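Asks: All the letters of the sequence shown, read from the start, carry residue numbers -19 to -1, 1 to 335 under mature numbering (1 follows the signal peptide of the UniProt record, and there is no 0).
Glycine included, each C-beta is placed from N, C-alpha and C at the ideal position.
A quick note: this is a predicted structure, and the numbers were derived from the prediction, not measured.
Okay, handing you the structure first.
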Amino acid sequence: MKTFALLGLLASSVATAAATNASYADHYADVHFSNALGEVRPAPPPAAIIDYARGPQDTAPITADFYNELEYYMNFSQVAACVGYAGIKKPFNCKVEGCKILQGHVELVSMLSPPELQQFNVSGYIALDHLKKNIVLVTRGTLDIRDILTDVNILYRKMSPVDFAPNLQSENLKCDGCKIHDGFLHSYLTTKEFVDPIVAQLKSQHPEYGMVVTGHSLGGATALLFGLDYKINGYDPLVITSGQPYVGNQAFADYHDTVWFGKPNPDTVTVGGDRKFYRLTHLHDIVPRVPYWGGYMQVSGEIFIDYHKTHPPVDKVLACAGQLNNHCTHGSPWWTLFNLLDHFWYIEPFVPCF
């Protein structure tokens, strides 16, 4: 069965993109949705999902200092668009604005683009941030409309037990009943084989450096799993995902919350301090709301951008409590969630690297 309604919504979102940003519309003008008609399977109707008006409850404004930190790390995610396209050249050169901001104190170590990950649209890179003294792992996911059509298909993959990834549990804290999206789990495990030796070597060479993991879209799901791995295994990373879909079931979401915040479905309206996990969402981005079927649940730690453009005012970025906060992205009506630009605008614009 072909999802003509979904493709129609995607098509209408392209029209919105054309009205909002002509350069993006020009770039995507040659995309033919008919090419994907046989690949996209229907989602269960979202009629059972209740939409709520947003309000001040269970949210809090972030600080200007924290906003600046988010903006800084979104530059790393912007640069990830260059992996597999024009490329990033050492020491840290590419064709997007993020490279200009970071070059001079950020050193490219390795690009991640193993062939095994092509079906999951995940790539990325590892860098050294000599200014903030961090090892930075960046995973890139969705980049354009064709990726999104592929993502819709990927989201239908089954969940697998967390036992397939022993590094995601510890002797003192077991993830009983946990299941993770099969594709995201495969992406993490495949990338891990390449990443772990490099990270271990960098930690040996720079023992005083911290660890940062960031990723966008499907890369955000991979970043979440890497962050959980590194947290459990002693690296104490800072993890920032953007446009990240649901990764596992309720048991996994509760386990993830417990590892990072001490309990399931916590109050996460405080930023900074000892807190090290943040999940960025954007006003009309549908990806952080899927897959809503099949027993999936979102993790806590949301930072909500309530602004339909890049570089939002600080007072339009909110810290949100809980896994599904009706006053943040979970409260955006479904019919508003198909603007593709909001999926590519996370403080900085994630633009193609041509």
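Please classify residue 293: does DSSP put it in a helix, a strand, or coil?
Replies: Along the sequence shown, one-based indexing puts residue 293 at 312. Coil at residue 293, not helix or strand.
Asks: Taking DSSP's pairing of strands, which residues face residue 84 in a bridge?
Replies: The residue labelled residue 84 in the question sits at position 103 within the sequence shown. In DSSP, residue 84 forms a bridge with 87.
Asks: Please go through the same chain and pick out, in chain order, the residues whose beta-carbon is closer than 6 Å to the beta-carbon of residue 323, but skip the five residues on each side of it.
Replies: The count along the sequence shown starts at 1 and reaches residue 323 at position 342. Excluding positions up to five away in sequence, the list reads 263, 264, 265 and 266.
Asks: Quick check: residue 170 and residue 193, are their CB atoms within less than 7 Å of each other?
Replies: If you number the sequence shown from 1, residue 170 lands on position 189. If you number the sequence shown from 1, residue 193 lands on position 212. In this structure, residue 193 does not lie closer than 7 Å to residue 170 by Cβ.
Asks: Strictly by DSSP, which residues pair up with residue 121?
Replies: Taking the first residue of the sequence shown as 1, we reach residue 121 at position 140. DSSP lists 104 as partners of residue 121.
Asks: Taking just the CA atoms, how far does residue 296 sit from residue 308?
Replies: Locating residue 308 in the sequence shown gives position 327, counting from the first residue. Locating residue 296 in the sequence shown gives position 315, counting from the first residue. Roughly 15 Å between the two C-alpha positions.
Asks: Are residue 237 and residue 280 closer than 7 Å when you measure CB to CB?
Replies: The residue labelled residue 237 in the question sits at position 256 within the sequence shown. The residue labelled residue 280 in the question sits at position 299 within the sequence shown. For residue 237 and residue 280, yes; Cβs fall inside 7 Å.
Asks: For the structure I just gave you, are there three or more beta carbon pairs, one from the stretch 108 to 125 and one from the stretch 190 to 204, closer than 8 Å?
Replies: As far as the Cβ criterion goes, the stretch 108 to 125 touches the stretch 190 to 204, which means the pair count is three or higher.
Asks: Does the Cβ of residue 145 have 16 or more other Cβ atoms within 10 Å, making it buried, or fewer, making it exposed?
Replies: Residue 145 sits at position 164 when you count from the first residue of the sequence shown. So residue 145 counts as exposed.
Asks: Might you give, ordered along the chain, the residues of its own chain that have their beta carbon closer than 6 Å to the beta carbon of residue 326, omitting 5 neighbours on each side?
Replies: If you number the sequence shown from 1, residue 326 lands on position 345. Around residue 326: 291.
Asks: Taking residue 283 as part of the beta strand (DSSP E), name the residues at either end of that continuous run.
Replies: As a working note, residue 283 is residue 302 in the sequence shown. First-last of the beta strand (DSSP E) with residue 283: 283 to 286.
Asks: When you compare the CB positions of residue 52 and residue 328, do they come within less than 7 Å of one another, or not?
Replies: The residue given as residue 52 occupies position 71 in the sequence shown. The residue given as residue 328 occupies position 347 in the sequence shown. For residue 52 and residue 328, yes; Cβs fall inside 7 Å.
Asks: Within 10 Å of its beta-carbon, does residue 71 have 16 or more other beta-carbons around it, so buried, or fewer, so exposed?
Replies: For the purposes of this step, residue 71 is taken as residue 90 along the sequence shown, with counting starting at 1. Exposed, since its Cβ has fewer than 16 Cβ neighbours within 10 Å.
Asks: According to DSSP, is residue 248 part of a helix, a strand, or is it coil?
Replies: Walking along the sequence shown from the start, residue 248 turns up at place 267. If DSSP states are grouped into helix, strand and coil, residue 248 belongs with coil.
Asks: What would DSSP say about residue 219, mapped onto helix, strand or coil?
Replies: The residue you call residue 219 lines up with position 238 of the sequence shown. In the structure shown, residue 219 sits in a strand (DSSP, three-state: E or B).
Asks: Just how far apart, CA to CA, sit residue 199 and residue 286?
Replies: Along the sequence shown, read from residue 1 onward, the residue named residue 199 stands at position 218. Along the sequence shown, read from residue 1 onward, the residue named residue 286 stands at position 305. Rounded to the nearest angstrom, the two C-alpha atoms are 19 Å apart.
Asks: Return the first residue and the last residue of the beta strand (DSSP E) that residue 273 is part of.
Replies: One-based indexing of the sequence shown puts residue 273 at position 292. That residue, residue 273, is in no beta strand (DSSP E); it is neither H nor E in DSSP.
Asks: Below 6 Å CB to CB, which residues in the same chain sit around residue 313 once its five sequence neighbours on both sides are set aside?
Replies: By one-based count along the sequence shown, residue 313 stands at place 332. Nothing meets the Cβ criterion.
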